[in-house]
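Peer 1:
Protein chains: 2
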Amino acid sequence: MTTPRNARTAAPAVGAAEPSAKPVERGIPEATVARLPVYLRALTGLSDTGVDTCSSEELAAAAGVNSAKLRKDLSYLGSYGTRGVGYDVEYLRYQIAREIGVTQDWPVVIVGIGNLGHALANYSGFSSRGFRIVALLDADPRRQGEDVGGLGIRPFEEIERLVEEHHVAIGVIATPAVAAQHVCDRLVAAGVTSILNFAPAVLTVPHGVDVRKVDLSIELQILAYHEQRKALADPGSDAVPDALPSGLAPLAADGVVSR
Amino acid sequence: MTTPRNARTAAPAVGAAEPSAKPVERGIPEATVARLPVYLRALTGLSDTGVDTCSSEELAAAAGVNSAKLRKDLSYLGSYGTRGVGYDVEYLRYQIAREIGVTQDWPVVIVGIGNLGHALANYSGFSSRGFRIVALLDADPRRQGEDVGGLGIRPFEEIERLVEEHHVAIGVIATPAVAAQHVCDRLVAAGVTSILNFAPAVLTVPHGVDVRKVDLSIELQILAYHEQRKALADPGSDAVPDALPSGLAPLAADGVVSR
DNA sequence: AGCTGTGAACGCATTCACAGCC
DNA sequence: GGCTGTGAATGCGTTCACAGCT
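Chains as they are written, first to last, in our numbering: chain A, 1 to 259; chain B, 1001 to 1259.
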């Protein structure tokens, strides 16, 4: 398992009591939603290498999942394959892109242009995958005006103006942890309703705002946990940190393995 | 839970080997493992603000989870709280750090020192959370020798030597996607058994090697999916991307409202 | 004959609710 | 009285296995 779980902060229910008939919630499971971008990328890869039809087995291999899961996931979107044949790569690709909502670009702002913010601002993967960075913001006056990837860094105070001007719904926080909640509040007040948070802080947001968190040292710590167990299971190895932890239980040989 | 837990003493005496206690297979659920670092950080925060005891309710709030889940998670580690009172912050913090395996530093190499690699190399959160970057590697000769955060960038060819010399078990891949599998193979061949992959590629590794993937544009796409649904549920909003689907594929006729 | 799409079975994770201890 | 630790209940996600279509 690889992706963070638990992303949503609030239920999608917008109105309280529903007066008229709603078209019935589609209800794609969250775990499936998290894999759709992976399938999208795999399809793009196949498409680039000239493949125009593929079986669930092939696509699953390219995406790094098993084929039963892939078929189940796709079944939530509709019946886009052909029995006995497989999937049309271009067609399926478009359907998934449409379902995710990246058939057109989402404007995004990045707040906090330190090392990580710089890297994000220069990351070409965003523009090719449905996002367009429209503003970079930083509170430090010394950074303002600096050009990063073709955009100038603006003062944080302009946040409301920029969000409104560009109709921004998605914001990225790459500030130090102490600033994160304040930045978040200002983003939300300005109208942003989805936030990708790189700061190591727990954000509190109002109902209806989504937050996803990416935390680099948490990922490493999860690896460390498994690594420690491997080391304990195999005392011959020397790939162990300098001091050994005291008397932990040895683990069954098969241990934890990801693909 | 069936296995009784031996609460050990608070003394952070790392290295003292326990004689012959052979408990049972621990088997902490993966979902719990992924949250332990979050609890660890929350505890560190509480500790820094002078709190020395907390209830499951308080700690859960600081970590952004509900208290039932927190208590369940902690119960897999042992009985480290006191009924009617709560948890000793320092004690619990040490127990979790020990369980994760970050009571001492893990040496880490980073491969691919582009924008993201730079950011990672400069990220201070690693060193304070159980990791020590011991080498930076890049295949591009123009980058080699450059100093980043006090370390020189080494040629990729030295990977085997560096991994062995520093007993590295964990590697970080921050290269372009095309290079990722090759870098991964070399890392594994050199003895690395845990990999944190930032490249947008599916890595194939032998049994026994763990891979975790962090993909920035996938996180954004997941947000976009939910954002799109909010926009559809609330047509009054104007936080919708600029254009409409651009005939990328035929037969988009059924539109967005169906099913 | 081959491959998709899906109900049913299974297993894991979360939540509930309360027994057990301070 | 208050809070932890945990079986039991519930809910979700994955896997199985095969019906249904080409």
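Each residue gets a CB set at the ideal place from its N, CA and C atoms; glycine is no exception.
Return helix, strand or coil for residue 46 of chain A, following the three-state DSSP convention.
Peer 2: In the structure shown, residue 46 of chain A sits in a helix (DSSP, three-state: H, G or I).
Peer 1: For residue 1082 of chain B, which beta-bridge partners are listed by DSSP?
Peer 2: B:1086.
Peer 1: From A:38, A:83 and A:44, pick the residue whose C-alpha is nearest to that of residue 64 of chain A; which is it?
Peer 2: When only C-alpha atoms are compared, the closest one is A:38.
Peer 1: Skipping 5 residues on each side, what residues in its chain have a beta carbon closer than 7 Å to that of residue 184 of chain A?
Peer 2: The answer, listed in chain order, is 173, 195, 203 and 205.
Peer 1: In angstroms, rounded to a whole number, what distance separates the CA positions of residue 1099 of chain B and residue 1041 of chain B?
Peer 2: The alpha-carbon atoms of residue 1099 of chain B and residue 1041 of chain B are separated by roughly 14 Å.
Peer 1: Buried or exposed: where does residue 1230 of chain B fall if 16 or more other Cβ atoms within 10 Å of its Cβ makes it buried?
Peer 2: Buried.
Peer 1: List the whole-angstrom C-beta distance separating residue 1043 of chain B from residue 1056 of chain B, where the pair is believed to meet the contact cut-off of C-beta under 8 Å.
Peer 2: Contact doesn't hold; Cβ gap of about 12 Å is too wide.
Peer 1: Kindly list, in the order they appear in chain B, the residues whose Cβ is closer than 9 Å to that of residue 79 of chain A.
Peer 2: Simply none; closest approach about 11 Å.
Peer 1: On the criterion of 16 or more Cβ atoms from any shown chain inside 10 Å, does residue 1161 of chain B qualify as buried, or is it exposed?
Peer 2: The residue is exposed, with fewer than 16 neighbouring Cβ atoms inside 10 Å.
Peer 1: Pull up the distance between the alpha-carbon of residue 1113 of chain B and that of residue 1149 of chain B, whole angstroms please.
Peer 2: If you take the alpha carbons of residue 1113 of chain B and residue 1149 of chain B, they lie about 12 Å apart.
Peer 1: Flag residue 217 of chain A as yes if its beta-carbon sits less than 7 Å from any beta-carbon of chain B, otherwise no.
Peer 2: Residue 217 of chain A counts as touching chain B.
Peer 1: Can you name the start and end residues of the alpha helix (DSSP H) that residue 1192 of chain B belongs to?
Peer 2: Residue 1192 of chain B -> no alpha helix (DSSP H), and no H or E assigned at all.
Peer 1: I'd like the ranges of any alpha helix (DSSP H) spanning at least 4 consecutive residues and lying wholly in the stretch 146-186 of chain A.
Peer 2: Counting whole runs of 4 or more residues, the stretch 146-186 of chain A contains the alpha helix (DSSP H) stretches 159-166.
Peer 1: Please state the DSSP three-state secondary structure of residue 101 of chain A.
Peer 2: Residue 101 of chain A falls in the coil class under three-state DSSP.
Peer 1: When the Cα of residue 220 of chain A is compared with those of B:1193, B:1086 and B:1222, which residue comes out closest?
Peer 2: When only C-alpha atoms are compared, the closest one is B:1193.
Peer 1: Taking Cβ positions only, does residue 33 of chain A come closer than 7 Å to chain B?
Peer 2: Yes, residue 33 of chain A lies at the interface with chain B (some Cβ there is under 7 Å from its Cβ).
Peer 1: Kindly list, in the order they appear in chain B, the residues whose Cβ is closer than 9 Å to that of residue 118 of chain A.
Peer 2: Result: 1115, 1118 and 1119.
Peer 1: Between which two residues does the alpha helix (DSSP H) carrying residue 116 of chain A extend?
Peer 2: That run of the alpha helix (DSSP H) goes 115-122.
Peer 1: From which residue to which residue does the alpha helix (DSSP H) around residue 222 of chain A run?
Peer 2: Element bounds for residue 222 of chain A: 216-233.
Peer 1: Of the residues A:108, A:76, A:102 and A:62, which one's Cα is nearest the Cα of residue 89 of chain A?
Peer 2: Here the closest residue by C-alpha is A:62.
Peer 1: Figure out for me which residue from A:216, A:200 and A:182 has the closest Cα to the Cα of residue 1197 of chain B.
Peer 2: Of the candidates A:216, A:200 and A:182, the one whose C-alpha sits nearest the C-alpha of residue 1197 of chain B is A:216.
Peer 1: Take the Cβ of residue 1213 of chain B as the centre, count every other Cβ of all protein chains shown within 10 Å, and call the residue buried at 16 or more, exposed below.
Peer 2: It is buried - the Cβ of residue 1213 of chain B has at least 16 other Cβ atoms within 10 Å.
Peer 1: Measure the C-alpha to C-alpha separation of residue 102 of chain A and residue 1097 of chain B and round it to an integer number of angstroms.
Peer 2: When rounded, the distance between both Cα atoms is 40 Å.
Peer 1: Select from B:1233, B:1225 and B:1235 the residue whose C-alpha is nearest the C-alpha of residue 30 of chain A.
Peer 2: Per the Cα distances, B:1225.
Peer 1: Just the chain B side, please: which residues come within less than 8 Å of residue 129 of chain A by C-beta, in chain order?
Peer 2: Neighbours of residue 129 of chain A on chain B, chain order: 1217, 1220 and 1221.
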